[in-house]
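Numbering (this note's numbering), first residue to last: 184 to 692. All C-beta atoms, glycine included, are put in the ideal place defined by N, C-alpha and C. In this text the structure is predicted, and so the values were computed from the model without any measurement.
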Ligand SMILES: Cc1cc2nc3c(=O)[nH]c(=O)nc-3n(C[C@H](O)[C@H](O)[C@H](O)COP(=O)(O)OP(=O)(O)OC[C@H]3O[C@@H](n4cnc5c(N)ncnc54)[C@H](O)[C@@H]3O)c2cc1C
């Protein structure tokens, strides 16, 4: 892209930057926009570059890899990516808010570390996030949906009336699935196409791709003094800024903090109390298919998707997490989470042929996972990146509560199928949503959290994090809208602090 730079000469400026952002996904792009438009000299360092580079350069694939352990059998493939625009190059754009109850104490809230903010605190930033992500959806939301003061920015265009009436007869109120909509493409919303161009040509911005931050440097005052950046071609520089923002994803951010251990931070930055990386959680889902009789509306529109918020808090009274059932009726497409492998072509062809006789009705349920300190990101002892630095090791076990909630979800799906008179019910494998949450949680106590309510790393006066790694609990919603809301909130906070002159001077060291 014309406005990105790949030569490290772009870093040779006479003055240090105000803010150095590491990562160009939704988090880094939205914070960057707010800072640049408010006159702050900002550098964004992105390890990856183009889609072509991602598809053809094995070194960047190796860089984005990690080691997975634990009984959840967490997938290493297609989970995180390194290119301009981040992992969100591969997202499907679903954009739901958290429920207010997610941010209030509930069975999965760690008692020693509750959320330090409320839904009302996030509400204005959710509105900004929905506007910038061009979220489309019905203005008639069910009474179970998270509350909102204004309609979604773009009106609903998809016809889900078939699912609405089928499920209403079964006593279930559904909503459409609010989705980020690109301006031109019919595919998915990409931040580098939709948001970056709005500020990319500003003289306040340097955006460097192919720039891998190998570690953050710090001094005896725990201030970050530089970001050590290197290219695969061997170029090396230290980038200096007054403030650093890690926007490196839910696995990338804790990995970089751990890689940055030094005499001043022997356990890694932000890790004086061994909190960095702990509490990793995801959104596993049960997936089912069944058959219902065809009628005109099962054939056209071709594919309809709906969700229900009705059962979101149902199982909390049993000490379990929230859930989000998803309904899809499509007679051509397999469900997007199902593996599209050549070896499955005969199976899929048979399934499609059967769909001519009976309509296929998919129900899946995404669940919230229990927060466990043992589910964590550490540094791998087996895998390294192209520089020889340890990659992340992601350990994920199911808690008893997770298995119980998956089972309760299966019971719910079977009950819903019975209510709509479906037959030939088949369960497919459990899938993960690729939502990388909770590894550097926010809180007021440095002994139980990594960042404070303003998202500043407790022990480092000039280092901030802002992605799904700061979520205290995971809810059952997709994270990126909340990530975008946090990014607006952090951008506003930094602009205010620069304006009032309360940002520390450039750190020496
Ligand atoms: C298949 C799939 C479908 C998804 N669907 C949805 C969905 O529908 N809705 C939803 O809400 N979410 C979805 N997600 C999740 C969504 O993609 C993430 O929540 C989102 O991308 C996180 O944004 P981020 O900016 O925090 O991190 P990322 O998008 O991961 O960006 C981080 C960037 O930081 C860079 N980086 C990391 N470390 C360094 C370093 N040391 N130096 C330089 N650069 C570095 C990486 O290269 C990367 O480009 C999906 C994900 C996948 C894989």
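Separation of residue 256 and residue 579 (C-alpha to C-alpha, rounded to the nearest whole angstrom) is 7 Å. Taken in chain order, the complete beta strand (DSSP E) segments of 3 or more residues contained in the stretch 525-608 are 542-550, 559-567 and 573-578. When DSSP states are grouped into helix, strand and coil, residue 316 belongs to the coil group. Relative to ligand 1, the nearest heavy atom lies less than 7 Å away from the CB of residue 617.
Remark: the C-beta of residue 468 is outside contact range of ligand 1, defined as less than 7 Å to any heavy atom. In this structure, residue 205 places its C-beta atom within 8 Å of the C-beta atom of residue 410.
Between the C-alpha atoms of residue 585 and residue 652 there is a straight-line separation of about 20 Å. Assignment of residue 311 by DSSP, reduced to helix, strand and coil, places it in the helix class. Separation of residue 633 and residue 428 (C-alpha to C-alpha, rounded to the nearest whole angstrom) is 14 Å. With three or more CB-CB distances shorter than 8 Å, the stretch 615-623 counts as touching the stretch 659-666.
Looking from the CA of residue 610, the closest CA among 301, 472 and 269 belongs to 472. For residue 375, the shortest separation between its Cβ and any heavy atom of ligand 1 does not lie below 7 Å. Distance from residue 246 to residue 629 at the Cβ level is roughly 31 Å; contact not present, criterion being Cβ atoms closer than 8 Å. At least one heavy atom of ligand 1 sits closer than 7 Å to the Cβ of residue 265.
Membership of residue 668 in any beta strand (DSSP E) is not indicated; the residue belongs instead to the alpha helix (DSSP H) covering 663-683. Using a cutoff of 7 Å, the CB of residue 273 counts as near ligand 1, since one of the ligand's heavy atoms is closer than that. Taking a 10 Å sphere around the C-beta of residue 479, we find fewer than 16 other C-beta atoms and assign the residue as exposed.
With respect to the 8 Å criterion, residue 243 and residue 236 are classified as neighbours on the basis of their beta carbons. About 5 Å separates the beta carbons of residue 189 and residue 392, which is inside the 8 Å limit, making them a contact pair. When the alpha-carbon of residue 644 is set against those of 352, 685 and 655, the nearest one is in 685.
Under the three-state reduction of DSSP output, residue 638 falls in the coil class, being neither helix nor strand. Around the beta carbon of residue 464, 16 or more other beta carbons sit within 10 angstroms, so the residue counts as buried.
DSSP places residue 236 in the helix class (H, G or I) of the three-state scheme. Restricted to the stretch 194-276, the alpha helix (DSSP H) segments that are unbroken, complete and at least 4 residues in length are 209-220, 234-239 and 241-247, listed in chain order.
In the structure shown, residue 284 falls within a helical segment according to DSSP collapsed to helix, strand and coil. For the pair of segments examined, the stretch 305-315 was found to touch the stretch 668-677: the number of CB pairs separated by less than 8 Å reaches three.
Judged by DSSP secondary structure, residue 435 falls outside any beta strand (DSSP E) and instead within the alpha helix (DSSP H) spanning 435-442. Under the DSSP assignment, residue 349 falls outside any beta strand (DSSP E), being part of the alpha helix (DSSP H) whose first and last residues are 344-352.
In this structure, residue 622 has its beta carbon at no less than 7 Å from each heavy atom of ligand 1.
Under the DSSP assignment, residue 497 falls outside any beta strand (DSSP E); it carries neither an H nor an E label.
Per DSSP, the beta bridge partners of residue 467 are 615. In the DSSP assignment, residue 481 falls outside any beta strand (DSSP E) and lies within the alpha helix (DSSP H) extending over 479-482.
Here residue 360 has 277, 488 and 490 as same chain residues with Cβ atoms under 6 Å from its own Cβ, once five neighbours each way along the sequence are excluded.
At least one heavy atom of ligand 1 sits closer than 7 Å to the Cβ of residue 207.
Apart from the 5 residues on each side of it in sequence, residue 494 sits with its Cβ closer than 7 Å to the Cβ of 506, 508 and 595 in its chain, given in chain order. Across the structure, residue 555 and residue 383 are spaced so that their CA atoms are roughly 40 Å apart.
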